[in-house]
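In the numbering used here, the protein residues as written are 3 to 604. Glycine residues also receive a C-beta, built at the ideal position from the N, C-alpha and C atoms. To start, the structure under review is shown below, and the notes come after it.
What follows is the structure, encoded as structure tokens:
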């Protein structure tokens, strides 16, 4: 019997332990809830009843500190934190919390002293968590000092560069960002990361200029480090400085012995962005330096295609130059042979015959040759079918045209070429005045994966919607569509007369600004540059034409620069454009042209 009482006591202790733990968990939950509601007195009381180990646990300490600081019991909070630092030396963030407490208490000198002490005792393993704690408390300068201290500890000038680049990006410290970027990019594996960070952080023109100057200096100072040329090449492409980009591409091709692949890439981007001079320069370099190389045949074809685009966009189009292009295309065929690989050359020649020289039979013959060519690419064959359909439309045979467009839609379903064919079908319905059918096609195309087709579809759909809302029969829109069909047929004098008649017939109509903009484009194509300027100024001087105003001002500046050759007026207009339309799709090109006219060294 004498053993019963001790055993009973032990049993009571064991059964009480879980109850005590449950009560402590309940108190913690309740205390956290009081802290969240701002009832700091109740929260602090409950936290004070916990064990000393529990009070400094990472999941409890922050709430306890919040309660004590809410009551301005700074001394108690300081004692708690110092005890936490002793008990949990692995929790480096507690040292940051102590400095933050001093700041809250109004003792900034003590806070600075604490942070300095923390950094002096820092270990390499503590760098990232301490810096994260500083960032979380909105102390980017101390986070920077932490990373730099970590760099001293590791004795590496590039350690923590990704973190510093991100920190400088978030804080908007562009000067230090650029310096750290150049340090980080010494490790070539970091190049994709650097590009991504710069893409998100460089917005001001001065920042681009600063980085470009630093990169040019490094390229000259360390010519053996190709990574600087890589980053400079990327930067120049972002700025659409394709002349400068070609210089770097040539250097990278020579260093990497890649037989002109980098130059080929940049020339292609320049061609797409309508910088034809740079594209031509790139392709000519490939033909001159890498004759017999893997890119020779493609460069030979693209060179003529680029010259064609340049001729077709230099107004008025010179028929003699069109004949010269056809001769040059024929020379390419003689040199490379008429093969499935050069089928696109035949197609290009056909388009020139049909739309520039009005020689439809010859064009149809060439296109049929492409369509019937064994082993020719399906893409090239279907592009030829679209061109052939266009010619049928020129000849007034819409049923033949829509049949071919529909064939391409089916064979290239859910692909850019199929979308292009559907857009042509929609435009055919639009020309015919069947706006409902046209819009049904266009509404599908607004979701197209290619931006250009989606934008074209959106614009035509909006044109139809805006001009059939009040006038359900679309009488004025029918007249406008008829004018656009004349433009498609390259009957520019007839189209201009049609626009003048439309503007006189429907004064003040919603189509007026569209008609003026189209008229200015046609006036430019027919070399009536002064007339085009006067027409565009009707749009830019009237604030109600806000939809086309940026298009009109950019075109106005382009005419002053390229056709009238008034460089000062063009520079003024580009500058006004950049100020007035910072969100326009033409901003990058306008900025490049303005800088060139200003005399910047591009």
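query, result
"Taking a contact to mean a Cβ-Cβ separation below 9 angstroms, would you say residue 538 touches residue 512 in this structure?", "no"
"Hey, residue 355 and residue 380: beta-carbon distance below 9 angstroms or not?", "no"
"The ligand FAD and residue 157: does any heavy atom of the ligand fall closer than 8 angstroms to the residue's C-beta?", "The model on display carries no ligand, and the ligand FAD is accordingly not part of it."
"Do you know how far the Cα of residue 517 is from the Cα of residue 490?", "15 angstroms"
"Could you tell me the boundaries of the alpha helix (DSSP H) in which residue 250 lies?", "244-258"
"Quick check on residue 568: does DSSP put it in helix, strand or coil?", "coil"
"Mind pulling the alpha helix (DSSP H) runs of 4 or more residues that sit fully within the stretch 383-455?", "400-413, 418-433, 437-447"
"Rounded to whole angstroms, what is the Cα-Cα separation between residue 147 and residue 153?", "10 angstroms"
"Answer yes or no: do residue 358 and residue 314 have a C-beta to C-beta separation smaller than 9 angstroms?", "yes"
"Below 8 angstroms on the Cβ atoms is my guess for residue 301 versus residue 285; work out the distance and round it to an integer in Å.", "5 angstroms"
"So, with DSSP's three-state summary, where would you put residue 13?", "With a pLDDT of 45 at residue 13, under the threshold of 50, the modelled position of this residue cannot be trusted; read the value that follows with caution. Correct three-state label for residue 13: helix."
"Between the beta-carbon of residue 258 and the beta-carbon of residue 292, is there less than 9 angstroms?", "no"
"Would the stretch 440-460 count as touching the stretch 361-368 if we require 3 or more Cβ pairs under 8 angstroms?", "no"
"Comparing C-alpha positions only, which one of 583, 386, 441 sits nearest to residue 365?", "386"
"Could you check the C-alpha separation between residue 587 and residue 554 for me, to the nearest Å?", "13 angstroms"
"Taking residue 400 as the reference, give the member of 280, 178, 436 with the closest Cα.", "436"
"How would you write the range of the alpha helix (DSSP H) that residue 122 sits in, first residue to last?", "110-122"
"Give the straight-line distance between the Cα atoms of residue 492 and residue 222, rounded to the nearest whole angstrom.", "51 angstroms"
"Report the residue from 582, 536, 577, 531 whose alpha carbon sits nearest the alpha carbon of residue 551.", "582"
"When you compare each of 548, 118, 532, 39 to residue 564 by their alpha carbons, which one comes out closest?", "532"
"Once you ignore the five residues that flank residue 51 on each side, which residues in its own chain have a CB closer than 8 angstroms to its CB?", "29"
"Is residue 183 buried or exposed, if buried means 16 or more other CB atoms sit within 10 Å of its CB?", "buried"
"Measure the CB-CB distance between residue 173 and residue 142 and report whether it falls below 9 angstroms.", "yes"
"Using three-state DSSP, classify residue 472 as helix, strand or coil.", "coil"
"Starting from the C-beta of residue 89, find all residues in its chain whose C-beta is less than 6 angstroms away, skip the five residues before and the five after it, and write them out in chain order.", "58"
"How long is the line joining the alpha carbons of residue 155 and residue 93, rounded to whole angstroms?", "19 angstroms"
"Use the C-beta contact count for residue 19: other C-beta atoms within 10 angstroms, 16 or more gives buried, fewer gives exposed.", "Its pLDDT being 47, under 50, residue 19 is placed unreliably in this model, and the coordinates cannot settle the point."
"Helix, strand or coil for residue 161, going by three-state DSSP, please let me know.", "coil"
"Between which two residues does the alpha helix (DSSP H) holding residue 1 run?", "Summary: the structure shown does not reach residue 1, with the chain confined to residues 3 through 604, and so no result is reported for it."
"Kindly indicate which three-state DSSP category residue 549 falls into: helix, strand or coil?", "coil"
"Candidates 468, 144, 187, 256: which alpha carbon is nearest residue 160's?", "187"
"So what does DSSP say about residue 340, is it helix, strand or coil?", "coil"
"Between the alpha carbons of residue 33 and residue 580, how many angstroms are there, rounded?", "57 angstroms"
"On the three-state DSSP scale, how would you describe residue 318?", "coil"
"Comparing C-alpha positions only, which one of 158, 127, 121 sits nearest to residue 145?", "121"
"Starting from residue 64, follow the alpha helix (DSSP H) in both directions and report where the run begins and ends.", "63-72"
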